[in-house]
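**Student:** I'd like to ask some things about the structure below.
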Amino acid sequence: MSGSENVATSAMYQMQRFTWVDYVVFVFMLAISAFVGVYWGFFKKQTTQNDYLLGGRNMKVIPVSMSLVASFVSGITLLGSPTEVYMYGTQYAYIMGGILLMSIIMTQVYLPVFHDLKITSNYEYLSMRFDNRVRLFGSILFTFTLIGWLPIVIYVPALAFNQVTGVDIHVITPIVCLVCIFYTSAGGLQAVVWTDVIQITSMVGAMALVAIKGTVDVGGIGTVWNRNMESGRIEAPNWDPRPTARHTIWNLVFGGLIYWLQANSVNQTMVQRYLALPTLRGAKWAVVLFCIGISILYCFCLYCGLLIYARFYDCDPLQTKVSKAKDQLLPLLVMDVLGDIPGLPGVFIAGIFSAALSSLSTSLNSMSAVVLEDFYKPFYKRQLSERQTNWLLKGVVIMLGILCLGLVFIVEKMGTILQLTMTLEAMTMGPQLGVFSMGILMPWVDALGALVGGMTGLAVMAWWCLSAQLAIANGLIYHPHKPLTTEGCQYNYTLVETVFRHEQGQEVSPILHVSYMWYTLVGAVMTIIVGVTVSKINRWRGQAYVPPAPKLLAPIIRRLYRDPPHPTDERFIRAYGCDKNEVNSTNINMKPITECDEMS
Numbered sequence: 018m019s020g021s022e023n024v025a026t027s028a029m030y031q032m033q034r035f036t037w038v039d040y041v042v043f044v045f046m047l048a049i050s051a052f053v054g055v056y057w058g059f060f061k062k063q064t065t066q067n068d069y070l071l072g073g074r075n076m077k078v079i080p081v082s083m084s085l086v087a088s089f090v091s092g093i094t095l096l097g098s099p100t101e102v103y104m105y106g107t108q109y110a111y112i113m114g115g116i117l118l119m120s121i122i123m124t125q126v127y128l129p130v131f132h133d134l135k136i137t138s139n140y141e142y143l144s145m146r147f148d149n150r151v152r153l154f155g156s157i158l159f160t161f162t163l164i165g166w167l168p169i170v171i172y173v174p175a176l177a178f179n180q181v182t183g184v185d186i187h188v189i190t191p192i193v194c195l196v197c198i199f200y201t202s203a204g205g206l207q208a209v210v211w212t213d214v215i216q217i218t219s220m221v222g223a224m225a226l227v228a229i230k231g232t233v234d235v236g237g238i239g240t241v242w243n244r245n246m247e248s249g250r251i252e253a254p255n256w257d258p259r260p261t262a263r264h265t266i267w268n269l270v271f272g273g274l275i276y277w278l279q280a281n282s283v284n285q286t287m288v289q290r291y292l293a294l295p296t297l298r299g300a301k302w303a304v305v306l307f308c309i310g311i312s313i314l315y316c317f318c319l320y321c322g323l324l325i326y327a328r329f330y331d332c333d334p335l336q337t338k339v340s341k342a343k344d345q346l347l348p349l350l351v352m353d354v355l356g357d358i359p360g361l362p363g364v365f366i367a368g369i370f371s372a373a374l375s376s377l378s379t380s381l382n383s384m385s386a387v388v389l390e391d392f393y394k395p396f397y398k399r400q401l402s403e404r405q406t407n408w409l410l411k412g413v414v415i416m417l418g419i420l421c422l423g424l425v426f427i428v429e430k431m432g433t434i435l436q437l438t439m440t441l442e443a444m445t446m447g448p449q450l451g452v453f454s455m456g457i458l459m460p461w462v463d464a465l466g467a468l469v470g471g472m473t474g475l476a477v478m479a480w481w482c483l484s485a486q487l488a489i490a491n492g493l494i495y496h497p498h499k500p501l502t503t504e505g506c507q508y509n510y511t512l513v514e515t516v517f518r519h520e521q522g523q524e525v526s527p528i529l530h531v532s533y534m535w536y537t538l539v540g541a542v543m544t545i546i547v548g549v550t551v552s553k554i555n556r557w558r559g560q561a562y563v564p565p566a567p568k569l570l571a572p573i574i575r576r577l578y579r580d581p582p583h584p585t586d587e588r589f590i591r592a593y594g595c596d597k598n599e600v601n602s603t604n605i606n607m608k609p610i611t612e613c614d615e616m617s
């Protein structure tokens with residue numbers, strides 16, 4: 018190692034000022050989470066499946082809203098969003114317009130259907146509306162999405178912990194994951210929600226602390242604003258209509274709307290908490306409070322990105338290798354701003370890990386619901402006792418937690434976290450949203466159309482997303498970032514230059530240049546187009562089809578679409594070959610049916 022590299026490395030180690038007080042604060046946070054699991058698991062026992070998965074459907078709006086914010090804002094958001102602003106500017110902030118539109122559509126279209134049906138897993142809806150094949154397809158997509166996402170959720174805070182302490186990520190991740198697995202498996206949804214309430218408080222407090230102290234240290238809000246304005250980081254909306262532009266007002270608002278619609282409206286990890294509320298009105302209020310909370314946290318994260326640049330505007334820590342990875346920039350700022358005050362870095366790292374724990378615990382609890390409701394009950398006739406059900410649910414939490422912990426070894430080899438996460442999620446998110454939207458909004462789509470549409474959307478998006486990510490990893494697609502300089506560095510370093518390979522003959526398809534913000538929308542639209550087309554072909558071929566029951570459709574569609582055919586209707590008799598007196602009309606379409614006597 019050269020002398021200049023030694024100096025830069027020394028500067029990096031000077032940032033690692035985690036004291037015993039910070040460790041105490043961090044351990045205290047883990048201990049509180051474990052205590053909540055003990056309380057709900059052993060003192061306030063969850064005696065039934067309904068208690069364990071849905072809190073007895075008697076949860077309160079404010080704790081559930083705080084839990085929704087805590088679980089959605091993982092360490093990916095807390096660390097990735099400031100990095101986005103530091104590297105590319107504030108254009109990403111306009112995604113909050115998509116969040117607002119999502120709240121309106123969700124409360125009027127998707128949420129009333131799921132809440133009225135009183136289901137546990139929202140994939141139960143797919144069997145009511147279509148059949149068990151579509152339900153299984155949706156459940157499998159959810160499972161693979163979760164398995165791909167959770168290791169990233171675990172890895173990100175470990176990266177932050179490594180930046181401020183130097184402790185290897187493979188030392189801290191097992192400890193934190195074991196605590197999370199314990200309180201989730203022991204306490205069920207009640208433990209998840211109440212630990213989320215504690216953790217979101219820690220998160221907001223940590224970000225506010227960094228924002229206030231950091232602003233004071235750099236010279237005030239005026240200094241932060243001026244330095245970012247001069248570098249072009251504070252941006253007006255980009256109205257560029259080209260789909261290849263990385264971030265524009267179009268893809269952030271409309272592409273962001275579809276991304277958030279899937280993530281919040283038809284995603285089991287979120288829907289399960291809305292279903293735990295006793296009334297639809299309460300669930301709608303939870304959506305509103307969620308959007309307010311998520312917007313406040315986004316503002317904190319984006320402002321911290323401006324703060325990072327204001328602090329390191331003349332000495333980029335990435336080029337000097339003081340920060341080993343882009344997503345370690347915020348922890349670097351924290352140690353620079355708070356490192357001299359014992360305990361405060363511990364508060365921040367506890368906040369980052371709180372975000373990860375809340376996301377992990379919610380996902381593990383949701384996955385246990387999916388395994389029981391969608392993988393076991395539809396295919397096995399044996400009814401489990403409460404004790405057996407309890408063991409199955411806890412076993413799923415433990416096994417999935419261990420699997421995701423092992424996958425962290427793969428995640429650490431990947432690139433920038435925020436874009437990578439949204440890209441990989443889009444492979445399954447678009448098809449999932451497409452299938453649910455066809456069921457809720459398009460009464461003429463049948464089970465075969467939904468299944469073929471979903472599988473087609475998945476295949477196309479898998480090729481597209483993976484090809485684009487591979488091209489980015491190989492340097493064939495490059496998005497230029499805002500200017501960075503090392504002219505003001507007060508220590509010696511060896512400048513690190515990134516070389517992008519773009520050799521002749523290695524041109525990539527123009528479609529791979531399309532912004533990742535469009536992925537979920539394209540996947541959903543493609544799924545719907547194929548699903549509608551296949552359903553139309555089935556009608557032309559004379560295949561029998563009975564429209565769904567009104568309660569399986571969005572309220573606005575119920576008013577526009579006429580009632581399903583009565584058993585005396587000739588269409589119904591031709592479809593099922595029944596005598597009109599053999600059928601009880603009240604059972605039509607409430608479950609998938611194949612024979613008349615099943616409805617009698």
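The numbering of the sequence shown is this note's numbering, which starts it at 18 and goes up by one. Idealized CB from N, CA, C, for every residue including glycine.
Taking only three categories from DSSP, how would you classify residue 133?
**Tutor:** Taking the sequence shown and counting its residues from 1, one reaches residue 133 at position 116. The answer is helix: DSSP assigns residue 133 an H, G or I state.
**Student:** Evaluate contact between the stretch 261-272 and the stretch 43-51, counting only Cβ atoms and requiring at least three cross-stretch pairs below 8 Å.
**Tutor:** At 8 Å Cβ cutoff, the stretches do not touch.
**Student:** How do the stretch 229-243 and the stretch 315-334 stand: do at least 3 beta-carbon pairs fall below 8 Å, yes or no?
**Tutor:** Touching, yes.
**Student:** Going by the CB atoms, is the gap between residue 377 and residue 170 shorter than 7 Å?
**Tutor:** Stepping through the sequence shown from its first residue, residue 170 is reached at position 153. Stepping through the sequence shown from its first residue, residue 377 is reached at position 360. Result yes, Cβ atoms of residue 170 and residue 377 sit closer than 7 Å.
**Student:** Could you tell me the distance, in whole angstroms, from the CA atom of residue 251 to the CA atom of residue 476?
**Tutor:** Here residue 251 refers to the residue found at position 234 when the sequence shown is read from its first residue. Here residue 476 refers to the residue found at position 459 when the sequence shown is read from its first residue. Residue 251 and residue 476: Cα-Cα distance of roughly 38 Å.
**Student:** Is the distance from the Cβ of residue 101 to the Cβ of residue 109 below 7 Å?
**Tutor:** Counted from its first residue, the sequence shown places residue 101 at position 84. Counted from its first residue, the sequence shown places residue 109 at position 92. Cβ distance < 7 Å, so residue 101 and residue 109 count as in contact.
**Student:** Kindly give me the distance between the Cβ atoms of residue 8 and residue 454, rounded to whole angstroms, as I take these residues to be in contact under 8 Å.
**Tutor:** The structure shown has nothing for residue 8, since the chain only spans 18 to 617.
**Student:** Taking 7 Å as the limit between beta carbons, can you name the residues of its chain near residue 461, skipping five residues before and five after?
**Tutor:** Residue numbering aside, residue 461 sits at position 444 when the sequence shown is read from its first letter. Correct list, in chain order: 552.
**Student:** Let me know if residue 37 comes out buried or exposed under the rule of 16 or more other beta-carbons within 10 Å of its beta-carbon.
**Tutor:** For this step, residue 37 is matched to residue 20 along the sequence shown. Burial call: exposed.
**Student:** Do you know how far the Cα of residue 144 is from the Cα of residue 136?
**Tutor:** Looking up residue 136 in the sequence shown gives position 119. Looking up residue 144 in the sequence shown gives position 127. Cα to Cα, residue 136 sits roughly 11 Å from residue 144.
**Student:** Should residue 330 go down as buried or exposed, given a rule of 16 or more other Cβ atoms within 10 Å for buried?
**Tutor:** Here residue 330 refers to the residue found at position 313 when the sequence shown is read from its first residue. Classification for residue 330: buried.
**Student:** Residue 84 and residue 214 look like a contact to me (Cβ under 8 Å); what is the Cβ gap, rounded to whole Å?
**Tutor:** Within the sequence shown, the letter at position 67 stands for residue 84. Within the sequence shown, the letter at position 197 stands for residue 214. At roughly 6 Å, the Cβ-Cβ gap stays under 8 Å, so residue 84 and residue 214 are in contact.
**Student:** Between residue 287 and residue 281, what straight-line distance do the alpha-carbon atoms span, to the nearest angstrom?
**Tutor:** Residue 287 sits at position 270 when you count from the first residue of the sequence shown. Residue 281 sits at position 264 when you count from the first residue of the sequence shown. One C-alpha to the other measures close to 6 Å.
**Student:** What whole-angstrom Cβ distance do residue 344 and residue 117 have, given they're in contact under 8 Å?
**Tutor:** Taking the sequence shown and counting its residues from 1, one reaches residue 344 at position 327. Taking the sequence shown and counting its residues from 1, one reaches residue 117 at position 100. Contact flag wrong, Cβ pair sits at about 27 Å.
**Student:** Using CA atoms only, rank isn't needed, just tell me which of 141, 236, 392 and 506 is closest to residue 284.
**Tutor:** Residue numbering aside, residue 284 sits at position 267 when the sequence shown is read from its first letter. Per the Cα distances, 141.
**Student:** Quick check on DSSP: helix, strand or coil for residue 530?
**Tutor:** Taking the sequence shown and counting its residues from 1, the one referred to as residue 530 is at position 513. The answer is helix: DSSP assigns residue 530 an H, G or I state.
**Student:** Look at the alpha carbon of residue 498 and the alpha carbon of residue 296, and state the distance between them as a whole number of angstroms.
**Tutor:** As a working mapping, residue 498 is identified with position 481 in the sequence shown. As a working mapping, residue 296 is identified with position 279 in the sequence shown. Their Cα atoms are separated by approximately 47 Å.
**Student:** Is the distance from the Cβ of residue 337 to the Cβ of residue 190 below 7 Å?
**Tutor:** Against the sequence shown, residue 337 aligns to sequence position 320. Against the sequence shown, residue 190 aligns to sequence position 173. In this structure, residue 190 does not lie closer than 7 Å to residue 337 by Cβ.
**Student:** Going along the chain, which residues of its own chain have a beta-carbon closer than 7 Å to the beta-carbon of residue 42, five neighbours each way excluded?
**Tutor:** The residue labelled residue 42 in the question sits at position 25 within the sequence shown. Closer than 7 Å at Cβ, skipping near neighbours: 360, 363, 364 and 367.
**Student:** Ends of the alpha helix (DSSP H) at residue 575?
**Tutor:** Translated into positions along the sequence shown, residue 575 becomes position 558. Element bounds for residue 575: 572-577.
**Student:** Three-state secondary structure (DSSP) at residue 552?
**Tutor:** Working through the sequence shown from its first residue, we reach residue 552 at position 535. Looking at residue 552 - three-state DSSP - the assignment turns out to be helix.
**Student:** Going along the chain, which residues of its own chain have a beta-carbon closer than 8 Å to the beta-carbon of residue 527, five neighbours each way excluded?
**Tutor:** The sequence position of residue 527 within the sequence shown is 510, counting from 1. The residues are 261.
**Student:** Hey, out of 131, 56 and 90, whose CA is closest to residue 568's CA?
**Tutor:** Counting from 1 along the sequence shown, the entry for residue 568 is found at position 551. The option with the nearest alpha carbon to residue 568 is 131.
**Student:** Report all residues from its chain with a CB closer than 6 Å to the CB of residue 157; omit the five preceding and five following residues, and keep chain order.
**Tutor:** Numbered from its first residue, the sequence shown carries residue 157 at position 140. So no residue of the chain qualifies.
**Student:** Can you name the start and end residues of the alpha helix (DSSP H) that residue 301 belongs to?
**Tutor:** The count along the sequence shown starts at 1 and reaches residue 301 at position 284. Residue 301 -> alpha helix (DSSP H) spans 297-329.
**Student:** From which residue to which residue does the alpha helix (DSSP H) around residue 89 run?
**Tutor:** Sequence index remark: in the sequence shown, residue 89 carries index 72 (1-based). Run containing residue 89: 78-89, per the alpha helix (DSSP H) assignment.
**Student:** In terms of alpha-carbon separation, which member of 348, 447 and 133 lies closest to residue 533?
**Tutor:** As a working note, residue 533 is residue 516 in the sequence shown. Closest by alpha carbon: 447.
**Student:** Where do the ends of the alpha helix (DSSP H) carrying residue 286 lie?
**Tutor:** As a working note, residue 286 is residue 269 in the sequence shown. Where residue 286 is concerned, the enclosing alpha helix (DSSP H) stretches over 285-292.
**Student:** Using a Cβ-Cβ cutoff of less than 7 Å, which residues in the same chain neighbour residue 138 once the five nearest sequence positions on both sides are dropped?
**Tutor:** The count along the sequence shown starts at 1 and reaches residue 138 at position 121. Taken in chain order, the residues that qualify are 285, 386, 387, 390 and 391.
**Student:** Answer with buried or exposed for residue 115, where buried requires no fewer than 16 other C-beta atoms within 10 angstroms of its C-beta.
**Tutor:** Residue 115 sits at position 98 when you count from the first residue of the sequence shown. By the neighbour-count rule (16 or more Cβ atoms within 10 Å), residue 115 is buried.
**Student:** Answer with buried or exposed for residue 335, where buried requires no fewer than 16 other C-beta atoms within 10 angstroms of its C-beta.
**Tutor:** The residue you call residue 335 lines up with position 318 of the sequence shown. That one is buried.
**Student:** What residue range is occupied by the uninterrupted alpha helix (DSSP H) comprising residue 113?
**Tutor:** One-based indexing of the sequence shown puts residue 113 at position 96. Its alpha helix (DSSP H) spans residues 112-122.
**Student:** In the structure shown, what three-state DSSP assignment does residue 423 receive?
**Tutor:** Here residue 423 is taken as the residue at index 406 of the sequence shown, counted from 1. Three-state DSSP puts residue 423 in a helix.
**Student:** In terms of residue numbering, what span does the alpha helix (DSSP H) encompassing residue 489 cover?
**Tutor:** The residue labelled residue 489 in the question sits at position 472 within the sequence shown. Here the alpha helix (DSSP H) through residue 489 covers 464-490.
**Student:** Could you give the first and the last residue of the continuous alpha helix (DSSP H) run that contains residue 353?
**Tutor:** For this step, residue 353 is matched to residue 336 along the sequence shown. Element bounds for residue 353: 346-355.
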